[in-house]
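Participant:
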């Protein structure tokens, strides 16, 4: 800090007074004059300052500091005194385009800040003094500075996509301008396949998800946050355990196999949506119809989800953003057991009702009552768990290069007790782009690591077994021993969770993408893309032996296992793009070539009897040959070559037409059936642009009509199916106590070919009330033919067959989305609502019908019915007396009693059997909806998000329906208490009877509508209450933005179903029922947390 | 870029599979593996009056035994499908094996004969359960399989008999196989299966003729009774002279673990899924050869397990049973309520609705003392043994009223001697008995000797006694309400319709797909 000796005291300079008057002199002249007058040295970069810029100045006998300020501020140059030097720098990102400064009046500075409706800074907004040429733009923090001689003036602030604002300035206090989005949408851009489009010109059913509305929700992956955001983008979860799979579906069940949409991340297929950091997402487009999706050809028939990640912005100072959230997940089990003594009484009643001996003596029951219920095992294995999400990102750019670096961390503890169970995910992303002349290079590098620690057993069994045990027993005694009992004779869930070992998943995922774009001539660009995903997944599993008391052993095999999985997905693309306007005519064209290939390999090592402490091999260790495999086993490869393109034309932003196609060749089909052509056409008409609609437009708003038709494909079948394969495996059988190999053969279907979906879509986009109310409606009709499915094969055939093109399904539905904005100066509200429906019907199925069973219930695949409709008997109340039984129809061989279910004897033959089944319902959700409400008052904000399903038949079974289910369960739940008795003849459930009794066989062993429940619901998914720190405080703290909020998830649920979470699905993405459904599901937690968003 | 012509690297295709005898043999191994499975081997006993499968509906036997099954029962579909899957494998083998270069002719012919035996075995099982079934001798296409109709049972039976004759002339006898091939189908197995096929038809003279090929001669294989009844089912005695045809298991590699749900809970079982009935226990005779209800039998209802047929102890675990542990020591099994010295645990005691046995009995036969974790056992399961041949012979002789001391001394007597009887009243032929009385003795002998080996259901079906023994309650030990059924536990109510239940339903799904498949009566 000390000044070197012999230097003049800098204070002296500051006392210098100077004068400088000039007119239209360049900066170079001004600096030279100042140097001469003051003896100071001005330091600057020629690149940064424009020395030839002309300026005028009028400084008379001013102190040095003031003089410099008067001279440089209007020029937007900052100066910094450092000893004898004055450092000159361009003021950050504000440029003064106007040159006239009125002479005479004292200059006044107007400072201000421009933010969007959410309070985020708007960079690059134009700020103009009305009626003058004085213009500037806002910097990365949304701030601007404008100097003018006028004392009273009006500023006009405008930005693409927003309504222009005019603000009167009467004093020199900083102004805060809040821009409201314009609904003209003229400038808004939508991401579509292999490019972007202005929203106004979109002709297909493309839904741009409002990413900002997903912020602040305590979800751990992107799929969860998409729920309810886009009509007919249906997200369902079979259970809520950390890391559990999620079903995603667009527009219902169109095919009979996998209905998952294609997910494209930053232009590449094959990434994992659930490994993305939700904070990194810039935009999500959902392509629903042929017009928008056909460019993805053979894999587009289930729709496409396009995700792009955030990039830095040009000429933006580095900004650092932190988002964090910490909260508690409270497990919520919907069903509860009755008190222990009640359970014993009810159990006795069930036995006596079936002419069997009661189980519990009156003395035992009195004892249960005296002792009270012990802690329910299910409650005992669940706990509150912490969840935290933290993200930090830095982004910025100069005029050539932009960058974004981000890091994310998620830690979701498991609600099951047990040491350290839960999920951790680390995300790292680097998005760079730079321009060198006509070449633009973009690089994306993202790394995700998912670490999940799981117990060594399976959650559904732990949950169901804990739930099935009556509250007479303890799970652990004072000596710390894990106890078994008459119900769980060999099994103690708590012991398994706490001491039984673990499975540790560590999954590494690298996503890289390098794009080079060369501008060849005006409007013509060529683009090359090389990229891919490398996923390396590993599981390490230790099963530790736990000895229960008085008997029972878990994990006696002491397995130590490793599984490695490696999947390389490579993608290369070459695209040529042309886009040009000729007067009112706009044309664009795109042609591309691509190859995608994937290689999967896995290896497994399974050892038994390993060291109890270390899990290492010891004398008695054996390698389990049925499980262990090298990487050449389970090696699967596939490849896809494609040519695709688009041609678009529009006239005067009024008429639009577009043609898309893709020509795909896949390794999954034999040579001459390998190539498939998938075309689509789409048209759009902005009818309110017509002169004759002027009065309508002025009265109501804009109206646009859209329609598209095209053919989409699907190749979601296993590889190699056109070839017969023989898969040799060991220890199929034995001779002389030596294992010998066997072979599984799968017969080829050489005629396997593409599945094709002809899709028609028509839509309307309209705005009302000065564009504040926006409405979109789409109708679609999709007929999928040549559906790839394993045909129903008779048992006589005796073997597995490959998929066939054996089905036809029609899928129809509609989507409606409405949004409304009510803006005021302090109070601003937005409403968003979407609802959709989809219905499918099997039009043709080779083999007429296929029935699959999931426990008691059966599902039918049959022409004329929705895919996998539930079929079974229909109830007709209960037999109330012996007369009704004598005159009624019962299943063959069964003697029923009053209080047992009476079924509808459909064919009136006096016997209840297979011939009496009805189609009972449809498992796929209908009328799915989402509702968003956001309100801001000054610095406070509140957001509500409600999501739900209007109609769904949920199949529940097992102990949730049948008391004392099969003796596997010895518990009766509170919701089952409404059972038939002579004084309760219209009960919800039939009379109590013992497991295995004829009554229970009649009531529970028959698939009937007893097992179907109405799972319509509306759920308050998320509530946020936030407070943003006011701007003047922010500036003091050096922050650009800061918001704190409280957030809650799954707080309220409205449903007729009150003993199980109606949101949980019993199905996977193919509508396959795994059988063990919601009753065994990990409970959906309720979340409470706090969050913090900071930008500086 | 990856090319589009991809072939799997971990599986063979049609182009490169049928290239060596070893690979062809692997297909035959598959056909062996599809012959039967241990779950059905054990739980099929629950179809009969010998046992009650009280937890879940294991292999559908509980529904079937209690008469509440309908045509959509999974077991009906699976048994049907699995049998035809086995037949398919045989056809694949038979139709492709001649493509294989460098196959030794003798070996190839033997393997073809093995495959034909396995196919005949599958058809035998099929018509036994379902009556008329589609019969075909070549691999079917998907389309053919959707329109084929049922072949009359008699024709399927004739096919099976012809095939068994044909393969018996090709297959080596048991001694002719090298040790490494133990477990393969032998000439003796083909003859023994033929005997069983004929037995099920009540073709008594044919049964006599065929069983004599094994009884009177060594050319078709060396067979005899094993010295110890208990030892017959122990792993150290696998492949003994009594075994004619068995399912192969390999310790640690190909195993069954059904005892985890069958053994007493106190010796390590998880729950009880199936338990012997009082009706079975009651049919074991006294050491003096008399049935328990016969005058002078000495049977004491309060000490019911004393002085009984030693095979009861080798088959069924009852109250106060001395369970032999692998280390040679014994453990007492307490089943009667309130008898376990440790009243905190009492895992095996009978209690209604508990995890313990619903009948008060557990299963002992086929317990493998060398089994590992969860009763994992590599013990072979015997499908036909020599004692069965002797019993078939005795039964056929008696049915033709040819039972003599000579026949008795060749059959029942050695079986009882081996079982551990020593009193002459039990061993000697009683010429005073009528044919009908002898029939009862032979049938009871068959039940005791072969209990829990999965054969009882076939016997009561061919005797047409199922409607008698499978109607009403299946009982357990005398721990029930004293006023009901004399205190014997009512374990499971059964119902058997003689106009319906002697044949299973053709599976509903199968008929939905193939309109040409008819249904059995009253289903």
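Residue numbers (my numbering), protein chains in the order written: chain B, 1 to 1096; chain Y, 1097 to 1619. By construction, the Cβ of each residue, glycine as well, lies at the ideal position given by its N, Cα and C atoms.
Which chain Y residues are close to residue 674 of chain B, counting only those with a beta carbon under 7 Å from its beta carbon?
Facilitator: 1100
Participant: Considering only residues of the same chain and omitting the five flanking positions on each side of residue 1100 of chain Y, which have a CB-CB separation below 7 Å?
Facilitator: none
Participant: Which word fits residue 585 of chain B, buried or exposed, when buried means at least 16 other C-beta atoms lie within 10 angstroms of its C-beta?
Facilitator: exposed
Participant: Rounding to the nearest angstrom, what Cα-Cα distance links residue 474 of chain B and residue 374 of chain B in this structure?
Facilitator: 7 Å
Participant: Name the one or two DSSP bridge partners that residue 156 of chain B has.
Facilitator: B:128 and B:166
Participant: Does chain B have any CB closer than 8 Å to the CB of residue 1538 of chain Y?
Facilitator: no
Participant: Say whether chain B places a C-beta atom closer than 8 Å to the C-beta of residue 1419 of chain Y.
Facilitator: The C-beta of residue 1419 of chain Y comes no closer than 8 Å to any C-beta of chain B.
Participant: Would a check of beta-carbon distances place residue 1610 of chain Y closer than 8 Å to chain B?
Facilitator: yes
Participant: Mind checking if residue 743 of chain B is an interface residue toward chain Y, Cβ cutoff 8 Å exclusive?
Facilitator: Yes, contact with chain Y.
Participant: Measuring only between beta-carbons, confirm whether residue 1241 of chain Y sits less than 8 Å from chain B.
Facilitator: For residue 1241 of chain Y, the answer is yes, since a Cβ of chain B falls inside 8 Å of its Cβ.
Participant: Between which two residues does the alpha helix (DSSP H) harbouring residue 1484 of chain Y extend?
Facilitator: The continuous alpha helix (DSSP H) containing residue 1484 of chain Y extends over residues 1482–1495.
Participant: Going along the chain, which residues of the stretch 785–803 of chain B sit with their C-beta nearer than 8 Å to a C-beta in chain Y?
Facilitator: 791, 792, 793, 794, 795, 796, 797, 798, 799 and 801
Participant: With 8 Å as the threshold, decide whether the Cβ of residue 535 of chain B is near any Cβ in chain Y.
Facilitator: no
Participant: Output yes if chain B places a C-beta closer than 8 Å to the C-beta of residue 1109 of chain Y; else output no.
Facilitator: yes
Participant: Would you grab the beta carbon distance between residue 828 of chain B and residue 166 of chain B for me? Rounded to a whole angstrom, and I think it's under 8 Å.
Facilitator: Not really, about 18 Å apart at Cβ, beyond 8 Å.
Participant: How do the stretch 853–866 of chain B and the stretch 933–946 of chain B stand: do at least 3 beta-carbon pairs fall below 8 Å, yes or no?
Facilitator: In short, these stretches do not touch, since the Cβ pair count stays below three.
Participant: Under 8 Å, CB to CB, which of the residues in the stretch 1128–1140 of chain Y have a partner in chain B?
Facilitator: 1128 and 1129
Participant: Give the DSSP-derived three-state secondary structure of residue 1063 of chain B in the structure shown.
Facilitator: coil
Participant: Just the Cα atoms here: how many angstroms apart are residue 95 of chain B and residue 112 of chain B?
Facilitator: Bear in mind that the predicted position of residue 95 of chain B carries a pLDDT of just 38, short of 50, making it too unreliable to give a figure here.
Participant: Under 8 Å by Cβ, that's how I've got residue 1516 of chain Y and residue 1325 of chain Y pegged, so tell me the actual separation to the nearest angstrom.
Facilitator: 7 Å
Participant: Check residue 671 of chain B in the structure and name its three-state DSSP category.
Facilitator: helix
Participant: Check whether the Cβ atoms of residue 1150 of chain Y and residue 872 of chain B sit closer than 8 Å, and answer yes or no.
Facilitator: no
Participant: Can you grab the Cα-Cα spacing for the pair residue 777 of chain B / residue 514 of chain B, in whole Å?
Facilitator: Those two C-alpha atoms are separated by around 38 Å.
Participant: What would DSSP say about residue 225 of chain B, mapped onto helix, strand or coil?
Facilitator: helix
Participant: Let me know if residue 371 of chain B comes out buried or exposed under the rule of 16 or more other beta-carbons within 10 Å of its beta-carbon.
Facilitator: exposed
Participant: State buried or exposed for residue 1197 of chain Y, treating a residue as buried only when at least 16 other CB atoms are found within 10 Å of its CB.
Facilitator: exposed
Participant: Between the alpha carbons of residue 559 of chain B and residue 1214 of chain Y, how many angstroms are there, rounded?
Facilitator: 37 Å
Participant: Is residue 991 of chain B near the ligand SAH, in the sense that its beta carbon is under 7 Å from a heavy atom of that ligand?
Facilitator: Although the ligand SAH was asked about, the structure shown includes no ligands whatsoever.
Participant: Short of 7 Å in beta carbon distance, which residues of its chain neighbour residue 1181 of chain Y, apart from the five on each side in sequence? Order them along the chain.
Facilitator: 1130
Participant: Starting from the beta carbon of residue 1244 of chain Y, find every residue of chain B whose beta carbon is closer than 7 Å, and list them in chain order.
Facilitator: 796
Participant: Once DSSP output is grouped into helix, strand and coil, what is the label at residue 605 of chain B?
Facilitator: strand
Participant: With DSSP collapsed to three states, give me the class of residue 1597 of chain Y.
Facilitator: coil
Participant: When you compare each of B:1009, B:1050, B:1055 and B:1040 to residue 317 of chain B by their alpha carbons, which one comes out closest?
Facilitator: B:1040
Participant: Assuming contact is defined by CB atoms lying nearer than 8 Å, are residue 307 of chain B and residue 264 of chain B in contact in what I supplied?
Facilitator: Residue 264 of chain B is positioned such that its CB atom lies closer than 8 Å to that of residue 307 of chain B.
Participant: How many Å lie between residue 365 of chain B and residue 481 of chain B at the Cα?
Facilitator: 26 Å
Participant: Near residue 689 of chain B, which residues of its chain fall below 6 Å by C-beta distance, leaving aside the five closest residues on each side in sequence?
Facilitator: 654
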